[in-house]
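In the working numbering, the protein residues as written are 0 to 97.
Written out as structure tokens, the structure reads:
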């Protein structure tokens, strides 16, 4: 797998319940459209999505060019590049002192 791994909604809910008590987790998906691949990749960089917490990753120019070609070939639609973001929101209430 290339890239960072993330917890699922159920995994996150389980981890938080063990430590705290009252936990609410909701999830949603956002869809964003970009005119071209380069604009999409720059938007990812701006929000820090290229920053991996645990794994090393490669930022070589040749890898970047290869990614551009793959995205242009496989993910370009009439509206441009369509990106889907899966977001988890967590609300936790601590139960007394621990």
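C-beta atoms are modelled at their ideal positions from N, C-alpha and C, and glycine is treated no differently.
As the structure is a computational prediction, the values presented were derived from the model and not from experiment.
query = Helix, strand or coil: which one does DSSP assign to residue 6?
reply = coil
request  = Would you kindly check if the distance between the Cβ of residue 36 and the Cβ of residue 67 is under 7 angstroms?
outcome  = yes
message = Here's the rule: buried if 16 or more other CB atoms are within 10 angstroms of the residue's CB, otherwise exposed. What is residue 43?
response = exposed
task = Assign residue 0 to buried or exposed, taking buried as 16 or more other Cβ atoms, counted over all protein chains shown, within 10 Å of its Cβ.
result = Residue placement at residue 0 is poorly supported in this model, since its pLDDT is 47, which falls under 50; the coordinates are not used for a value here.
query = Based on Cα-Cα distance, which residue from 84, 23 and 30 lies nearest to residue 92?
reply = 23
ask   = Taking the alpha-carbon positions, what's the residue 28 to residue 89 distance?
value = 15 angstroms
inquiry  = Distance check for residue 70 and residue 80, CA to CA, integer angstroms please.
reply    = 8 angstroms
message = Can you give me the C-alpha to C-alpha distance between residue 40 and residue 14, rounded to a whole angstrom?
response = 32 angstroms
ask   = Measuring CB to CB, does residue 87 end up less than 7 angstroms from residue 26?
value = yes
Straight-line Cα distance separating residue 7 from residue 84 = 14 angstroms
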